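Asks: Here it is, the structure in full.
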Amino acid sequence: MQKIPLLRATAGMVLARDVFRNDNPVGMPICGKQTVLSDTLITRLDHLNVKAIYVEGHPVWEEGDRSLEDMLAELDRRFEKVRNDPLTLKVYDMFVEHLKRSMGDNGGREAK
Amino acid sequence: MDEKRNELKKIIMDTRTLPTLPGVIHKLNSLTENDKASVQEMARIVSSDQVLSARILRLANSPSYGFYRVSTISNAMILLGVNVVKSLALSSSIFEIMEKNSVGLWEHSLAVGVAANLIARKLNLPECEEISTAALLHDIGKVIISLKCSEAEQLIRDMIRDRGMYMRDAERETIDTDHAEVGGWLAKSWFLPDKLSEPISFHHDVALSGNHRIKTAVVHIADVLIKACGFGDSGDCYVPQIQQIAWDVLKFNEQAMAEIIDELEDKLVEVKNFSLELQGSDAPAY
Chain Z
1 MQKIPLLRAT
11 AGMVLARDVF
21 RNDNPVGMPI
31 CGKQTVLSDT
41 LITRLDHLNV
51 KAIYVEGHPV
61 WEEGDRSLED
71 MLAELDRRFE
81 KVRNDPLTLK
91 VYDMFVEHLK
101 RSMGDNGGRE
111 AK
Chain V
113 MDEKRNELKK
123 IIMDTRTLPT
133 LPGVIHKLNS
143 LTENDKASVQ
153 EMARIVSSDQ
163 VLSARILRLA
173 NSPSYGFYRV
183 STISNAMILL
193 GVNVVKSLAL
203 SSSIFEIMEK
213 NSVGLWEHSL
223 AVGVAANLIA
233 RKLNLPECEE
243 ISTAALLHDI
253 GKVIISLKCS
263 EAEQLIRDMI
273 RDRGMYMRDA
283 ERETIDTDHA
293 EVGGWLAKSW
303 FLPDKLSEPI
313 SFHHDVALSG
323 NHRIKTAVVH
333 IADVLIKACG
343 FGDSGDCYVP
353 QIQQIAWDVL
363 KFNEQAMAEI
373 IDELEDKLVE
383 VKNFSLELQG
393 SDAPAY
């Protein structure tokens, strides 16, 4: 599952979560999960001011998007100056956990 | 060395060369000093400048504050508070420069605003809006440095690239001051309240913050989290060390931190979207 800005949505993607109105996030869903997106639907969601949606898999790979291994390596690099500090290290571990969870079991690789 | 710093302070604080402040601000300043002025009256003054109102509303609707829709200036004043609206008005010209010239820094600032808001709400802190605003403004010194000392800025960038330094250390070595201090000067010259100027001045050194240590601590930790996410571009890519004092003063615990890290991912998508929309709306229509 991946959360993407609506601007990046394209026809054929599958919703992974119900979509709610921005101004009424606890109201009735305006589009159910498992729906396959079409161009018309994306325009409609845009008109309803929906900003972001959850879609199945990890379909949006942009320049700068990385696999789990790459992401962990970059995280390592960002923390390289503070690895000796126990408190900051604790937060580092939380980020590692979070990344592993968020990229899913397949490590975020694109489903065939 | 002190001479160099003072000279720089003079140049930086020369108000004539700062990004221009709209005349509305002066009226607003004199009104806020008057206890009897009503919110409606102040809102009317701000609304008389349409460009400024539009900018304020755009910021008030940024994900940093977490409101769904703020549609009028008087709404913004009631929801965000007069102080916040005033600081947004004051900094709107700087934000405009950021939006256009340093998108990375703009995204970093917005994201730190979002993270600070998340932390403040999670810990049930009072004055969430002030905390978000301080976070939004925390790196304002970087914009001033790049405006006023463009040669030094290039040098700073080279040092970060070649020697892998923190931006703050490179700034100290080059211009004998850093963006936090410069931001603090600016906040003072704008007469921003201490609760905004302290977090700006001390977000790298929470212990120095005397009266608003909690707010400063939130901005410090929010900055660390956003740098850890690698979101936006704040000059260097290195995560600063979390200061124990900040963790202690907020009585943070690991569970709250883990929840914030999880929620942050969703929020950063909103920030990205907000920023993309702004870039899109500014692009010329062909």
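From first to last, the protein sequence lines are chains Z and V.
Residue numbers 1 to 112, in my numbering, belong to the letters of the first sequence in order.
Residue numbers 113 to 398, in my numbering, belong to the letters of the second sequence in order.
Glycine included, each C-beta is placed from N, C-alpha and C at the ideal position.
The model shown is predicted, which means the values in this text are computed figures rather than measured ones.
(1) If I'm right that Ala246(V) touches Lys363(V) with Cβ under 8 Å, what's the distance once you round it to whole angstroms?
(2) For Pro175(V), which of helix, strand or coil comes out of DSSP?
(3) Alpha carbons only, please: which of Cys349(V), Gln355(V), Leu320(V) and Ala172(V) is nearest the one belonging to Val197(V)?
(4) What does a CB cutoff of less than 8 Å around Gly322(V) pick up in its chain, not counting 5 residues either side in sequence?
(5) First and last residue of the alpha helix (DSSP H) that includes Ala232(V)?
(6) Hey, is Asp290(V)'s beta-carbon within less than 8 Å of any beta-carbon in chain Z?
(7) Could you give the first and the last residue of the continuous alpha helix (DSSP H) run that contains Lys122(V)?
(8) Could you name the residues that DSSP lists as bridge partners for Tyr54(Z)?
(9) Return the chain-ordered list of same chain residues with a C-beta closer than 8 Å to the C-beta of Ile373(V), the five sequence neighbours on each side being excluded.
(10) Helix, strand or coil: which one does DSSP assign to Asn22(Z)?
(11) Buried or exposed for His315(V), going by 16 or more other Cβ atoms inside 10 Å?
(12) Is it a yes or a no for the region 183 to 192 of chain V touching the region 247 to 265 of chain V, going by three-plus beta-carbon pairs under 8 Å?
(13) For a cutoff of 8 Å on Cβ pairs, would you count Asp18(Z) as touching chain V?
(14) Quick one: which unbroken alpha helix (DSSP H) runs of 4-plus residues sit fully inside the region 36 to 102 of chain Z? Chain order, please.
(15) So for Glu389(V), helix, strand or coil by DSSP?
(16) Whose Cβ in chain V lies nearer than 8 Å to the Cβ of Glu56(Z)?
(17) Are the region 44 to 61 of chain Z and the region 81 to 91 of chain Z touching by the rule of at least three beta carbon pairs closer than 8 Å?
(18) Just checking: is the beta-carbon of Asn385(V) within a distance shorter than 8 Å of some beta-carbon in chain Z?
(19) Taking C-alpha atoms, which residue in His332(V), Val226(V) and Ala282(V) lies nearest to Val383(V)?
(20) Determine the contact status of Val340(V) and Val351(V), defining contact as a CB-CB distance below 8 Å.
(21) Name the chain Z residues that come within less than 8 Å of Gln356(V), Cβ to Cβ?
(22) Under three-state DSSP, which class holds Val351(V)?
(23) Give every residue of the same chain whose Cβ lies closer than 7 Å to the Cβ of Leu164(V), excluding the five residues on either side of it in the sequence, and list them in chain order.
(24) Is there a C-beta anywhere in chain Z that falls below 8 Å from the one on Glu283(V)?
(25) Taking a contact to mean a Cβ-Cβ separation below 8 Å, would you say Asp46(Z) touches Gly32(Z) in this structure?
(26) Let's see if you can read the secondary structure: which residues bound the alpha helix (DSSP H) around Ala340(V)?
(27) Taking only beta carbons into account, state which residues of the region 319 to 332 of chain V come closer than 7 Å to chain Z, listed in chain order.
(28) Any contact between the region 8 to 17 of chain Z and the region 26 to 45 of chain Z? By contact I mean 3 or more CB pairs, one from each, below 8 Å.
(29) Show which residues of chain Z have a CB atom less than 8 Å away from the CB atom of Gly218(V).
Replies: Checking against the coordinates, here is how it stands:
(1) Within the second sequence, residue 246(V) is the residue found at index 134, counting from 1. Within the second sequence, residue 363(V) is the residue found at index 251, counting from 1. At roughly 20 Å, the Cβ-Cβ gap does not stay under 8 Å, so Ala246(V) and Lys363(V) are not in contact.
(2) Along the second sequence, one-based indexing puts residue 175(V) at 63. Looking at Pro175(V) - three-state DSSP - the assignment turns out to be coil, as it is neither helix nor strand.
(3) As a position in the second sequence, residue 197(V) is number 85, starting the count at 1. That would be Ala172(V), whose Cα lies nearest to the Cα of Val197(V).
(4) Within the second sequence, numbered from 1, the residue matching residue 322(V) stands at position 210. Hits under 8 Å: Glu310.
(5) Position 120 of the second sequence, counted from the first residue, corresponds to residue 232(V). Residues Val215 to Lys234.
(6) Counting from one through the second sequence, the residue named residue 290(V) turns up at place 178. Not an interface residue.
(7) As a position in the second sequence, residue 122(V) is number 10, starting the count at 1. That run of the alpha helix (DSSP H) goes Asp114 to Met125.
(8) Sequence index remark: in the first sequence, residue 54(Z) carries index 54 (1-based). According to DSSP, which records beta bridges pairwise, Tyr54(Z) is partnered with Lys3(Z).
(9) Translated into positions along the second sequence, residue 373(V) becomes position 261. Taken in chain order, the residues that qualify are Leu337.
(10) The residue labelled residue 22(Z) in the question sits at position 22 within the first sequence. Note: Asn22(Z) maps to coil in three-state DSSP.
(11) Residue 315(V) sits at position 203 when you count from the first residue of the second sequence. By the neighbour-count rule (16 or more Cβ atoms within 10 Å), His315(V) is buried.
(12) no
(13) In the first sequence, residue 18(Z) corresponds to position 18, counting from 1. No, no contact with chain V.
(14) 39 to 47, 68 to 78 and 86 to 102
(15) Along the second sequence, read from residue 1 onward, the residue named residue 389(V) stands at position 277. In the structure shown, Glu389(V) sits in a helix (DSSP, three-state: H, G or I).
(16) Here residue 56(Z) is taken as the residue at index 56 of the first sequence, counted from 1. Those do not exist, as Glu56(Z) stays about 16 Å from chain V at its closest Cβ, beyond 8 Å.
(17) no
(18) By one-based count along the second sequence, residue 385(V) stands at place 273. Chain Z, which has a Cβ nearer than 8 Å to the Cβ of Asn385(V), makes this yes.
(19) Numbered from 1 along the second sequence, position 271 holds the residue referred to as residue 383(V). Answer by Cα proximity: Val226(V).
(20) Start at 1 with the first residue of the second sequence, and residue 340(V) comes out as number 228. Start at 1 with the first residue of the second sequence, and residue 351(V) comes out as number 239. In the sequence as presented, Val is not what sits at residue 340(V); that position holds Ala. Yes.
(21) Residue numbering aside, residue 356(V) sits at position 244 when the second sequence is read from its first letter. Result: Leu87.
(22) As a first step, residue 351(V) is located in the second sequence; it is residue number 239 there, counting from the start. Note: Val351(V) maps to coil in three-state DSSP.
(23) By one-based count along the second sequence, residue 164(V) stands at place 52. Once the five neighbours on either side are set aside, the close Cβ partners of Leu164(V) are Pro134, Val136, Val158, Ala201 and Ser204.
(24) For the purposes of this step, residue 283(V) is identified with residue 171 of the second sequence, where counting begins at 1. False, the Cβ-Cβ gap to chain Z never drops below 8 Å.
(25) Stepping through the first sequence from its first residue, residue 46(Z) is reached at position 46. Stepping through the first sequence from its first residue, residue 32(Z) is reached at position 32. Against a cut-off of 8 Å, the Cβ pair of Gly32(Z) and Asp46(Z) comes out as no contact.
(26) Working through the second sequence from its first residue, we reach residue 340(V) at position 228. Its alpha helix (DSSP H) spans residues Arg325 to Cys341.
(27) none
(28) yes
(29) By one-based count along the second sequence, residue 218(V) stands at place 106. It should be pointed out that residue 218(V) corresponds to Trp in this sequence rather than to Gly. The premise fails here: Trp218(V) is roughly 16 Å from chain Z at the closest Cβ pair, so nothing lies under 8 Å.
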